[in-house]
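Some notes on the structure that comes next.
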Amino acid sequence: GTSLYHPGRRTKEWIKCKNLLDDDFVITGMIPKDNGACSLILAQYDQGALIYRGHVTLGVSSAMLSGQTSTRGRCPFHPLPAGNEHALWFDPFLVGTVRFMHFMTGGGLRQPVFKGFREDKRPEECVVKEGNERKDVDPPALIWDMSSLMSQIKGRCTFFFLLLKSKLGSRNENKLVVVD
9 GTSLYHPGRR
19 TKEWIKCKNL
29 LDDDFVITGM
39 IPKDNGACSL
49 ILAQYDQGAL
59 IYRGHVTLGV
69 SSAMLSGQTS
79 TRGRCPFHPL
89 PAGNEHALWF
99 DPFLVGTVRF
109 MHFMTGGGLR
119 QPVFKGFRED
129 KRPEECVVKE
139 GNERKDVDPP
149 ALIWDMSSLM
159 SQIKGRCTFF
169 FLLLKSKLGS
179 RNENKLVVVD
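Take any residue in the sequence shown, note its place counting from 1, add 8, and you have its number in the working numbering.
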């Protein structure tokens, strides 16, 4: 059967499927926050150089870091990335897994959530994967491999609807693509 899309309304006919990524990052330091929270400062190695990848705050508490590492380290980035002026730097670095939507302009993460520490992995093993290099432009629209998407949904839907944003001439236009 078919279903109608009603802007601004939730219906049972449409299922929102987020394509979340996860990756391992070097945890180079932290920024203490109020109420025992903190942000972890993330990095990855790119051809042997440690590059800044942003912060993660969700899923993190200062108590998690108790006894994990010393905060007597020095900033590994030159120059100091903006927003890290009050950071406490770790020595030695830690490794952790972060789930996120995608990489943003400048290499940061969209909607990152900390999933946990990795004691089985060394910081040098946290490397930028091909296609995730730092970009100085906005990332292109996501193009999904339909076979991968269908296997994730596991037959719960017959029709898949993707809203793709494409630039046509000087104006933006939204197109609705229906895949059976």
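Just so you know, even glycine gets a beta-carbon here, dropped at the ideal spot from N, CA and C.
- Here L66 is exposed, its C-beta having fewer than 16 other C-beta atoms within 10 Å.
- DSSP places A57 in the strand class (E or B) of the three-state scheme.
- Residue burial annotation: C46 is buried, with at least 16 other C-beta atoms found within 10 angstroms of its C-beta.
- Taking the CA atoms as reference points, P120 sits about 13 Å from K26.
- For a cut-off of 8 Å, the C-beta gap from V103 to C134 is around 6 Å, short enough to register as a contact.
- Here the alpha carbon of R82 sits roughly 16 Å from the alpha carbon of P131.
- Judged by DSSP secondary structure, T36 falls within the beta strand (DSSP E) whose first and last residues are 29-40.
- When secondary structure is reduced to three states using DSSP, T65 falls in the coil class, being assigned neither helix nor strand.
- For S47, the beta-bridge partners assigned by DSSP are I39.
- The beta carbon of K129 sits closer than 8 Å to the beta carbons of D32, V103 from its chain, once the five residues preceding and following it are set aside; these are given in chain order.
- Considering only L73, H86, F108, G91, the residue with the shortest C-alpha distance to D99 is L73.
- DSSP places T105 within a strand segment (E or B) once states are collapsed to three.
- Around the CB of I23, fewer than 16 other CB atoms lie within 10 Å, so the residue is classed as exposed.
- Judged by DSSP secondary structure, G116 falls outside any beta strand (DSSP E); it is assigned neither H nor E.
- Between G56 and the set G75, T77, V34, the nearest pair of CA atoms involves V34.
- A straight line joining the alpha-carbon of N92 with that of G16 spans about 38 Å.
- With distances taken between CA atoms, H86 lies nearest to L58 out of E138, L58, E127, M112.
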